[in-house]
Each structure stands twice: as C-alpha cells, then as structure tokens.
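Its first residue numbered 1, the sequence shown is counted upward by one per residue in the UniProt record's numbering.
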Amino acid sequence: MAGIYEGRTALVTGASSGLGAAYARGLAARGADLVLVARRQERLDALAEALRARGGKAEVVTADLAQPDAAKGVMATLDAPPDILVNNAGFGLPGAYAATPWEAQRDFIQLMVTAYAQLAHIANASMHERGWGRIVNVASVAGLVPGSAGHTLYGASKAFLVGFSQSLAAEGAAAGVRAQACCPGFTHTEFHDANGTRERMNALPGWMWMEAADVVEGSLDALEDGPVVYVPGGVNKALARFSRLIPRAAAERLMNRQSATFRRTDAGAPSSSGSGSGASSGSTTTR
Ligand SMILES: NC(=O)c1ccc[n+]([C@@H]2O[C@H](COP(=O)([O-])OP(=O)(O)OC[C@H]3O[C@@H](n4cnc5c(N)ncnc54)[C@H](OP(=O)(O)O)[C@@H]3O)[C@@H](O)[C@H]2O)c1
C-alpha cells in the first residue's frame, strides 16, 4: 500500500496523540501530505517535524474543536478541503448524565458529533466534485453495543458515527468517495489518562487491549476494500458479533454488569475538554 495516497492531502484531527498520531504516520507512509489538527501545538510541531524528516509534507493547524464553528475555521486555513479526512479527536466524559453539568455535555456533543459532521460536510462536497475521497470516522465498539450507566453520551455519539458513516458511504459509492466507521475497543493511548479512568482500566486484562498502530494499519487497509463498519482485532470483532446475536435485553443486562468495572457513574468529569492544554477559545492557527 506504500505510495497509494501520493499527491493526496489528509487532514487528521486529534493528531497530537494516540490514534490520531498513528493515523498521521500511517497516511504519511502511504504517501499523503498531512494536515495535523489538535490543541497542543508543540506535540503537532514535533510530529510534523518527524514526518518531514522522513521526506513527507506536514502542516499544523491548532484548534479547539469543542468551540462552535472551529471546524469551519480549520477548513478555512487550507487552500482546498482535504482528499482524506480522519475525524478522530475525542475524549471520554465520565460520570452519570444527571451528575455532569450541561456545559460539559454541550461541549462534548460539539466535539464528538457536530465537529465531525461539519468537517465531513465541507470535505464531502469537494470530494464528490473531484470524484475521489476518503472519510474515516473514529467511532468505537461502544457504538455497537447497548448503552450502559455512566459516560452517557459516549456510546450514543459513537453509534451516531456508525450510522453517519454508513450513509456517507452509500451516498459516495458512485462518486468514488469511501467512508469508514473505525470501531476500536480498548487501545493504549492517552484516552484513559485524559478522562481519569486509568487506574480502573489498568485492572483489565492485557488481552483486551490493542496498540494504536495496529488499529490504524487495519483501518487504513480496510478503507480501500474492507467493510464500512471496521472493527479491529479478534476480541473486539467477537464482542461486536456476540452483542448483535444475543437477545437485546440480555445484551443490555450483560453490558451494564460488565461496564460497572470500567465506567464511572459518580460526578466524575475532570473537565469538559479532555487532555489538552488547549488553544484559546475558538482560536484556529496554522503553521
Ligand atoms: N483509546 C481507546 O481505548 C479508544 C477506544 C475506542 C475509540 N477511541 C476513540 O479514539 C479517538 C482518539 O482517542 P485516543 O484514544 O487516541 O485518545 P488520546 O490519546 O487522548 O487522543 C485524543 C486526541 O484528541 C484531541 N482532542 C481532544 N479534545 C480536543 C478538542 N477539544 N479539540 C481538538 N482536539 C482535541 C487531543 O489533542 P489535544 O489535547 O492536543 O487537543 C488528542 O490528540 C477518540 O475519538 C476516542 O473516542 C479510543
């Protein structure tokens, strides 16, 4: 697959860490020029530098995508919308719905639903015009199983991305535009540090975990000829299949019992903005 995206531009949100940084590396290895988006500029600069040192092209755009219209601001910094969009930036919001302030929920929806939809809306239109495009929405296995107590909007936002990607794929099929909902399970990144659940997560067995680079390699390979809903790893595939096959009520009971070990239902939100030190509200800068 080396060189498959030569001459294409790829925009990756949440590229300062974890899966986003791995997508940036994977796409660069396939020949794409990168636009790296997140709040922590030093992280993005370091990754851009590393990609350039390997002969690639990389540009940095710092933005807080939880701010209304930041997505539009990011696209406005570019000469043209990207050929490849990886919607990935995100965090988990621990706690029960009633115990978490509305402002935190509102910002969560803005980042995890609205910004994804807005970036895809802008990119998708030009992909259709060009007759070529790729959109990856990083969802989660949580979007394929029943919702459970705690982290209330997380699974719901990921379920949205699954249906959204299926519709984008159906609308884009005749125009050369492919879409994927990548649905990882537990993956070693900074995600669980950012949402304050690391200690709980460390108690889960090692076989439940994947490395970000492995998730991304499978996702990018599947983007060309795999299913729209891509589930990385044998354990996650088995979980998704099992949840689909057993009766709904049993799946709901099982999910609630299991999730009690890794989901918080107290007033647990550390902040509404995840891990980053952050750009100032609504700001978008490019380098
Ligand atoms: N790790 C897992 O177990 C797992 C499993 C399934 C799905 N996922 C999904 O994978 C995606 C990536 O998460 P990760 O696991 O790679 O976690 P991570 O290492 O914490 O990375 C999250 C990324 O999102 C960016 N981000 C967070 N809030 C942002 C904001 N307001 N504006 C712009 N960027 C923001 C962060 O950058 P800055 O802080 O620099 O802004 C960072 O680059 C998320 O959508 C997550 O839901 C993760």
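Glycine is no exception: its CB is placed at the ideal position from the N, C-alpha and C atoms. Predicted model, so just to flag it, every value in this text is computed and none were measured.
Query raised in the report: Cβ atoms of V231 and K237: under 8 Å apart, would you say?
Result: yes
Query - CA nearest to the CA of V235, picked from G185, R134 and P101 - result: G185
Query raised in the report: In three-state terms, what does DSSP make of E59?
Result: strand
Query raised in the report: By how many angstroms is the C-alpha of P68 removed from the C-alpha of G31?
Result: Roughly 32 Å separates the two Cα atoms.
Requested in this report: Just the C-alpha distance for C183 and G18, rounded to the nearest angstrom, thanks.
Outcome: Within the model, the alpha-carbon separation for C183 versus G18 is close to 15 Å.
Query raised in the report: When the Cα atoms are used, what is the spatial distance from R106 to V37?
Result: Distance between the alpha carbons of R106 and V37 is about 21 Å.
Query raised in the report: The beta strand (DSSP E) spanning L33 covers which residue range?
Result: Rather than Leu, the amino acid found at residue 33 in this sequence is Asp. That run of the beta strand (DSSP E) goes D33 to A38.
Query raised in the report: Between the C-alpha atoms of L11 and V145, what's the straight-line distance to the nearest angstrom?
Result: 29 Å
Query raised in the report: How many angstroms separate the CA atom of H188 from the CA atom of A212?
Result: Taking the straight line joining both Cα atoms gives about 6 Å.
Query raised in the report: Does the beta-carbon distance from L153 to L111 come in below 8 Å?
Result: no
Query raised in the report: If you measure from the CB of L144, is any heavy atom of ligand 1 nearer than 7 Å?
Result: The answer is no for L144.
Query raised in the report: If you measure from the CB of T265, is any heavy atom of ligand 1 nearer than 7 Å?
Result: It does not: the Cβ of T265 is nowhere closer than 7 Å to a heavy atom of ligand 1.
Query raised in the report: Where does the unbroken alpha helix (DSSP H) through R52 begin, and where does it stop?
Result: From DSSP, the alpha helix (DSSP H) with R52 extends over Q41 to A53.
Report task. Can you give me the start and stop residues for the alpha helix (DSSP H) that R248 sits inside? Result -> R248 to S259
Query raised in the report: Beta-carbon separation of V86 and Y23 under 8 Å?
Result: yes
Query raised in the report: How about N88: is its Cβ closer than 7 Å to a heavy atom in ligand 1?
Result: yes
Report task. Starting from the C-beta of A2, find all residues in its chain whose C-beta is less than 6 Å away, skip the five residues before and the five after it, and write them out in chain order. Result -> none
Query raised in the report: How many whole angstroms separate the CB atoms of T9 and P82, which I take to be in contact at a CB cut-off of 8 Å?
Result: 5 Å
**Report entry** Euclidean distance between Cα positions of E103 and R54
**Finding:** 42 Å
**Report entry** Cβ shell of R43 (< 7 Å), same chain only, five flanking positions each side left out
**Finding:** S16 and S17
Requested in this report: Look at the alpha carbon of R178 and the alpha carbon of R241, and state the distance between them as a whole number of angstroms.
Outcome: So the two alpha carbons sit approximately 23 Å from each other.
Query raised in the report: Would the C-beta of L19 count as close to ligand 1, meaning under 7 Å from any of its heavy atoms?
Result: yes
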